[in-house]
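According to the numbering used here, the stretch in the sequence shown is residues 6 to 353, in order.
Glycine included, every Cβ here is placed at the ideal spot set by N, Cα and C.
This one's a predicted model, so the numbers in the text were calculated from it and none came from an experiment.
For reference, the structure discussed in these notes is given below.
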Amino acid sequence: MYSFCRSLGDDWDYVGIPGTMHGGGLLACWKSSLDISCSKGADQAIYMVVHIPQQEPSLIVGVYASPQAEVRKQLWMETTEVLHTGLPTVLAGDFNSILWSTEKRGGTPFRVTPGVQAFRQWKDSNGLCSIHAKGPKFTWCNNRQGAARTWELLDRAFANDAWISQFQSATVEVLLRQLESVVRRFEVLQGQLETFWFQRARTQWVCEGDRNSKFFHAKESVTRDKKEGGLGIRRLTGLREAILGIIAFKCLLSPSMLSSMFALKYKWNGNPWELVEPQTASPVWKSLCFGLRLIRPYVRKLLGTLSDIDLIRDPWLTPIPFSRIPTFINMDRAWLDFKLTQLVDGSE
């Protein structure tokens, strides 16, 4: 999420709530020239106070309500307190609930559940009105077949009277079709990016043959005899696997749009030893997983930023910590709380 935001440039500000393995998450981006102050709620909302010259400040609330009715109650209480401030307020996003039977088509019959009742009570008690939306009536589909296929109106916007009075011509546009076009374009670019890594990682993947490129010149030079200026390497399998392992490690563990894309696509939690490799995975993802498996036997510990590694207590260099080695037992106790990052950056 944040690597994507940084790629927007310095003239953008943002605030986000990361998603979980099961989805969710919120992201708000705006031009730095706008006067907006932001705060995050309890994982279901982002609050943005917009300051416009010669106008009363207004509040925009981005919502991603929990699918669980009990958890949504926290959102209803939190936003009710905010609405009592009297600011012109609009709340927009995925509320994960519907109000009326007309907001659902297909699937099981509509029922007024406790979650629906709580949603209605929240809307009515705060005097909120739905903002007219342009585009498809239903914003969510379960993508099932036949009678089980269900459409619902989950994404919408509500506003209080103060907002409607200040922005009388405001409308909401549902951008599902435009989003589908963006997704298709993204998939094309993703395929091109995967092809790039596919060709770069291992030479035997390249089917076109030697095109007299620098890449193949480098391969040719290392196999020459040392007397001829080469490295004398005859078997490239080990070298190739080492390079693949390094590429895989850097590709997945460096903060980048590529690693974020793979994490979202394959629901990866960031642990290099807990990679999910489905049968339908792309060749690039399978190759990256293979590369990490190659280096796994040689990795003693992931040091990360070094800030969590105790120099003496943790076995970061040897199989046992330094604190159990006789040479280090009688050291000054101040070293016991010494972090590895302090040794590297010289801050202490």
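Please classify Q49 as buried or exposed, where buried requires at least 16 other C-beta atoms within 10 Å of its C-beta.
buried
DSSP state of G151 mapped onto helix, strand, coil:
helix
How many Å lie between L280 and W273 at the Cα?
6 Å
Which residues does DSSP pair with D99 in a beta bridge?
Y69 and D160
Cβ pair V68, K45 closer than 8 Å:
no
Among S42, M82, S264 and I248, nearest to R298 - alpha-carbon criterion:
I248
Cα-Cα, which of R125, R161, F124 and S292 is closest to G140?
R161
Sub-8 Å separation of W127 and W81 beta-carbons:
yes
Considering Cα atoms alone, identify which of V76, S170, I41 and K78 is closest to G91.
S170
N- and C-terminal bounds of the alpha helix (DSSP H) containing D48
That residue, D48, is in no alpha helix (DSSP H); it is neither H nor E in DSSP.
Three-state secondary structure (DSSP) of G24
coil
Same chain, Cβ closer than 6 Å to F115, neighbours up to 5 away in sequence not counted:
S106 and K109
Answer yes or no: do I51 and L31 have a C-beta to C-beta separation smaller than 8 Å?
yes
Specify, as a first and last residue, the run of the beta strand (DSSP E) that A175 falls within.
Looking at the DSSP string, A175 is not in any beta strand (DSSP E), and its letter there is neither H nor E.
Cβ pair I300, G250 closer than 8 Å:
yes
Can you check which of these residues, S292, F100 and C256, is closest to S71 by C-alpha distance?
F100
Considering just the uninterrupted stretch of the alpha helix (DSSP H) at R77, what are its terminal residues?
A74 to L88
Can you look up L180 in the DSSP assignment and give me helix, strand or coil?
coil
Assign G120 to one of three DSSP states: helix, strand, or coil.
helix
Classify P283 as buried or exposed, calling it buried when 16 or more other Cβ atoms lie within 10 Å of its own Cβ.
exposed
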